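Student: Once you've had a glance at the structure underneath, I'll fire off some questions.
In this note's numbering, the protein residues as written are 2 to 139.
Below you can see the structure in the form of structure tokens.
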């Protein structure tokens, strides 16, 4: 999924309504990569801030299944925020996007679909280093 003028790239899930609402995601129609890992965050403590990192290679789509979370995305040049409240919408995180998850409701469930298995070396956890890396990737 190429980067547009905005950092916030929303993936809308198809929905089927009969005796319930069923939403689904398939690759490559909604998820623009082969899925290697799925995890979720739940029961966040009050004032919890998560993320605060970027990835060299991993790409992700985040879905707020319950509650809400404020996403901060940063490509080294600009920052954008997006309040996630709709479980039918995912936020696509490309490579080299610094991201933070803030202001989570206590009942929030955040589902993350990732393109790579966990690799500690793929994480950039220092914001100063992130700025240097993104400046050199022009």
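Where a beta carbon is used, it is the ideal one built from N, C-alpha and C, also for glycine. Computed from a predicted model, the values in this text were never measured in an experiment.
Taking 8 Å as the cut-off, decide whether the C-beta atoms of residue 66 and residue 112 are in contact.
Tutor: As a working mapping, residue 66 is identified with position 65 in the chain shown. As a working mapping, residue 112 is identified with position 111 in the chain shown. Yes, they are a contact pair.
Student: Mapping the DSSP letters down to three states, classify residue 3 as helix, strand or coil.
Tutor: On the chain shown, residue 3 is found 2 positions in, with the first residue counted as 1. Its pLDDT being 49, under 50, residue 3 is placed unreliably by the model, and the measurement read from it follows with that caveat. Residue state, collapsed to three classes: coil.
Student: How big is the Cα-Cα spacing for residue 54 and residue 88?
Tutor: For the purposes of this step, residue 54 is identified with residue 53 of the chain shown, where counting begins at 1. For the purposes of this step, residue 88 is identified with residue 87 of the chain shown, where counting begins at 1. Roughly 23 Å between the two C-alpha positions.
Student: Let me know if residue 56 comes out buried or exposed under the rule of 16 or more other beta-carbons within 10 Å of its beta-carbon.
Tutor: Here residue 56 is taken as the residue at index 55 of the chain shown, counted from 1. Buried, by the Cβ-count rule.
Student: Roughly how many whole angstroms lie between the Cα atoms of residue 43 and residue 82?
Tutor: In the chain shown, counting from the first residue as 1, residue 43 sits at position 42. In the chain shown, counting from the first residue as 1, residue 82 sits at position 81. Spanning the two alpha carbons is a distance of roughly 21 Å.
Student: If you compare alpha carbons, which of 122, 48 and 75 is closest to residue 6?
Tutor: Against the chain shown, residue 6 aligns to sequence position 5. The shortest C-alpha separation from residue 6 is found at 75.
Student: Using 10 angstroms around the beta-carbon of residue 94, count the other beta-carbons present and answer buried if the total reaches 16, otherwise exposed.
Tutor: On the chain shown, position 93 is the one that residue 94 refers to. Residue 94 comes out buried.
Student: Just the C-alpha distance for residue 131 and residue 18, rounded to the nearest angstrom, thanks.
Tutor: Numbered from its first residue, the chain shown carries residue 131 at position 130. Numbered from its first residue, the chain shown carries residue 18 at position 17. Those two C-alpha atoms are separated by around 43 Å.
Student: By Cβ distance below 8 Å, which residues in the same chain neighbour residue 1 in space, the five residues on each side in sequence not counted?
Tutor: Only positions 2 to 139 of the chain appear in the structure, and residue 1 is not among them; the question remains open.
Student: Would residue 101 and residue 52 be called neighbours here (beta carbons separated by less than 8 Å)?
Tutor: Residue 101 sits at position 100 when you count from the first residue of the chain shown. Residue 52 sits at position 51 when you count from the first residue of the chain shown. Yes, the Cβ-Cβ distance between residue 101 and residue 52 is below 8 Å.
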